[in-house]
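Take 1 as the starting number for the sequence shown in the UniProt record's numbering and just add one per residue.
Beta carbons are placed, not taken as given, at the ideal position from N, Cα and C, and that holds for glycine.
These notes are about the structure you will find just below.
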Amino acid sequence: MKQFNYDEVIRPETTVEALSTLRPAFDPVSGTVTAGTSSALSDGAAAMLVMSESRARELGLKPRARIRSMAVVGCDPSIMGYGPVPASKLALKKAGLSASDIDVFEMNEAFAAQILPCIKDLGLMEQIDEKINLNGGAIALGHPLGCSGARISTTLINLMERKDAQFGLATMCIGLGQGIATVFERV
């Protein structure tokens, strides 16, 4: 078994000056997405055990949280990364909740600027420091392909337990205008 004891994405030698010289990836004139404002490309693997509450009881397992609702939504693909907004609104509606009922949010942001319109349009700008990505987002914690959904959900559930929170909302933007949101409730 190979042990990995360092994070290859962290680059302590990086400076603001070096970041300011990086070229935008998509819009060379006024773009904000650079290698420094994006989550690193990496692979990952994860698993979560998801089952009914009755089955967990049969197996003698103690559930940590329940999925209160989920929503997958598509929107105009030219608005990259905006899918979490309509997905969150639908998931909240299905759960009978509003954004103000959510104690903590784990919102994937593949690009630093991508999350800002989502936060704004969900009415969360005044709560960024208290409720959103409290351990850092995908740029800090990683956005490994094949693992992000489990990483985001587990980070959220751990945070909900640490903060004794009742409700949490996990979101991800997906290519071509898609978004997914899941409302978790601690049990």
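- Express the C-alpha separation of glycine 136 and lysine 89 in angstroms, rounding to a whole number. Taking the sequence shown and counting its residues from 1, one reaches residue 89 at position 89. Taking the sequence shown and counting its residues from 1, one reaches residue 136 at position 136. Spanning the two alpha carbons is a distance of roughly 23 Å.
- Query: In chain order, what residues of the same chain lie with their CB nearer than 7 Å to the CB of isoleucine 132, ignoring the 5 residues before and after it?
  - Reply: Your numbering for residue 132 matches position 132 in the sequence shown. Excluding sequence neighbours, isoleucine 132 sits near Phe105, Met107, Ile119, Leu124.
- Message: In the DSSP output, which residue or residues are listed as bridge partners for valine 72?
- Response: Within the sequence shown, numbered from 1, the residue matching residue 72 stands at position 72. Valine 72 is bridged to Ile180.
- Return the residue from the list Gly83, Gly36, Val73, Arg151 that minimises the CA-CA distance to glutamate 17. Locating residue 17 in the sequence shown gives position 17, counting from the first residue. The residue with the shortest Cα to Cα distance from glutamate 17 is Gly36.
- Message: Looking at valine 72: is its Cβ nearer than 8 Å to the Cβ of isoleucine 180?
- Response: Sequence index remark: in the sequence shown, residue 72 carries index 72 (1-based). Sequence index remark: in the sequence shown, residue 180 carries index 180 (1-based). Yes.
- Message: Could you check whether arginine 23 and threonine 15 sit closer than 8 Å to each other, using their CB atoms as the reference points?
- Response: By 1-based counting over the sequence shown, the position of residue 15 is 15. By 1-based counting over the sequence shown, the position of residue 23 is 23. With contacts defined as CB atoms closer than 8 Å, threonine 15 and arginine 23 fail to qualify as a contacting pair.
- Message: Quick check on this structure: which residue in Asp103, Arg151, Asp121 has the alpha carbon closest to the alpha carbon of aspartate 129?
- Response: As a working note, residue 129 is residue 129 in the sequence shown. Out of Asp103, Arg151, Asp121, Asp103 has the C-alpha closest to the C-alpha of aspartate 129.
- Message: Excluding the 5 residues flanking serine 38 on each side, which residues of the same chain have their C-beta closer than 6 Å to its C-beta?
- Response: Indexing the sequence shown from 1 puts residue 38 at position 38. Closer than 6 Å at Cβ, skipping near neighbours: Phe111.
- Own chain residues within Cβ distance below 7 Å of leucine 134, not counting five before or after: Along the sequence shown, one-based indexing puts residue 134 at 134. If we look at leucine 134 and ignore the five residues flanking it on each side, its Cβ neighbours are Val104, Leu159.
- Message: Taking the alpha carbon of valine 183 as the reference point, which residue from Ser69, His143, Phe26 has its own alpha carbon closest?
- Response: Here residue 183 refers to the residue found at position 183 of the sequence shown. With distances taken between Cα atoms, valine 183 lies closest to Ser69.
- If you draw a straight line from the alpha carbon of aspartate 76 to that of lysine 2, how long is it in whole angstroms? Here residue 76 corresponds to residue number 76 of the sequence shown, with the count starting at 1. Here residue 2 corresponds to residue number 2 of the sequence shown, with the count starting at 1. Taking the straight line joining both Cα atoms gives about 43 Å.
- Query: So what does DSSP say about glycine 60, is it helix, strand or coil?
  - Reply: By one-based count along the sequence shown, residue 60 stands at place 60. In the structure shown, glycine 60 sits in coil (DSSP, three-state: anything other than H, G, I, E or B).
- Item | For cysteine 173, the three-state DSSP class (helix, strand or coil) | As a working mapping, residue 173 is identified with position 173 in the sequence shown. Strand.
- Item | Three-state class that DSSP yields for glutamate 106 in the structure shown | As a first step, residue 106 is located in the sequence shown; it is residue number 106 there, counting from the start. Three-state DSSP puts glutamate 106 in a strand.
- Item | Coarse secondary structure for arginine 11, derived from DSSP in three states | Residue numbering aside, residue 11 sits at position 11 when the sequence shown is read from its first letter. Coil.
- Please look up how many angstroms separate the CB atoms of isoleucine 157 and methionine 172, rounded, as I've assumed it's under 8 Å. The residue you call residue 157 lines up with position 157 of the sequence shown. The residue you call residue 172 lines up with position 172 of the sequence shown. The beta-carbon distance between isoleucine 157 and methionine 172, rounded to whole angstroms, is 15 Å. This is too long to meet the 8 Å contact definition.
- Message: Using the three-state DSSP reduction, which class does arginine 55 fall into: helix, strand or coil?
- Response: Here residue 55 refers to the residue found at position 55 of the sequence shown. Residue state, collapsed to three classes: helix.
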